[in-house]
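What follows is a short report on a single structure.
Numbering (my numbering), first residue to last: 7 to 262.
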């Protein structure tokens, strides 16, 4: 049975092939304009037009949108939009390019996690490559890549998976750092400690290395702190508007 290092050496070309698949599937999106929520988050939002506004993203929900009903606490996401604006202004190509590159990162992390952490033996390389290829080109991921404001999903996924990988490898500082970045991007990532607990159970059954319970506890505390941070900054009226929308909290949770 090959070690993870030998499998990585033998499969050095797979990340390039996955990048080619991502490019073929989504490169035509570089010419797409802004649409849907992009108008109030990016096109009409004066706050992303200056890098000096970045600190306000962390403390002022009004900086996230010109639509008061759609304010969010996602400072890392807004920071990336401000950096995009510094590069290409109102031209959307750089925004789409970043989404595409982030999607490639997600695909590579899926490949790495399946290859190294799921006890597949000699089948690890082909199974991991197949799983990553499905993620790379699956139509359900189209909106997260081509719809600029949906970057929250792909950026959060990249940070979430990086934190998961680091936790399993017992790289605790990296796991904490990536989880904090994920929490600053999208609220749903607070589930990471639960995912690690589930993985710990599976690893015990398989006899593999397990993420430390103490680390999982720290990540759980960070997740609660992240939700509290959002609750403090976000006005109750915005939360109430979300509950009253056509897409209720449960449907949004299940799809977002």
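All C-beta atoms, glycine included, are put in the ideal place defined by N, C-alpha and C.
Tell me whether the region 44 to 53 and the region 64 to 79 touch, counting them as touching only if at least three CB pairs, one residue from each stretch, are closer than 8 Å.
yes
Looking only at its own chain, which residues have a Cβ that is under 7 Å from the Cβ of residue 113, when we skip the five neighbours before and after it?
Along the chain shown, read from residue 1 onward, the residue named residue 113 stands at position 107. Excluding residues within five positions, the ones whose Cβ falls inside 7 Å are 24, 28, 138, 141 and 142.
Going by other Cβ atoms of all chains shown within 10 Å of its Cβ, with 16 needed for buried, is residue 7 buried or exposed?
In the chain shown, residue 7 corresponds to position 1, counting from 1. Its pLDDT being 45, under 50, residue 7 is placed unreliably in this model, and the value from its coordinates should be taken loosely. Its Cβ having fewer than 16 others within 10 Å, residue 7 is exposed.
Sequence-distant residues of the same chain with beta carbon closer than 8 Å to residue 38, five excluded per side:
For the purposes of this step, residue 38 is taken as the residue at position 32 of the chain shown. Contacts found: 98, 102 and 152.
Are the CB atoms of residue 162 and residue 192 within a distance shorter than 9 Å?
Counted from its first residue, the chain shown places residue 192 at position 186. Counted from its first residue, the chain shown places residue 162 at position 156. Contact: yes.
Rounded C-beta distance between residue 176 and residue 118? I'm assuming under 8 Å.
Stepping through the chain shown from its first residue, residue 176 is reached at position 170. Stepping through the chain shown from its first residue, residue 118 is reached at position 112. So it is not a contact: roughly 16 Å between Cβ atoms.
In the structure shown, what three-state DSSP assignment does residue 85 receive?
Here the question's residue 85 lines up with position 79 in the chain shown. Note: residue 85 maps to helix in three-state DSSP.
Would you mind giving the Cβ-Cβ distance between residue 115 and residue 164, rounded to the nearest angstrom? I have them listed as a contact below 8 Å.
Position 109 of the chain shown holds residue 115. Position 158 of the chain shown holds residue 164. That pair is a contact at about 7 Å.
Within 9 Å, strictly: CB atoms of residue 233 and residue 196:
Against the chain shown, residue 233 aligns to sequence position 227. Against the chain shown, residue 196 aligns to sequence position 190. Yes.
Over the uninterrupted alpha helix (DSSP H) stretch that includes residue 233, give me the two end residues.
What you label residue 233 is simply residue 227 of the chain shown in a count that begins at 1. DSSP places residue 233 in the uninterrupted alpha helix (DSSP H) bounded by 219 to 239.
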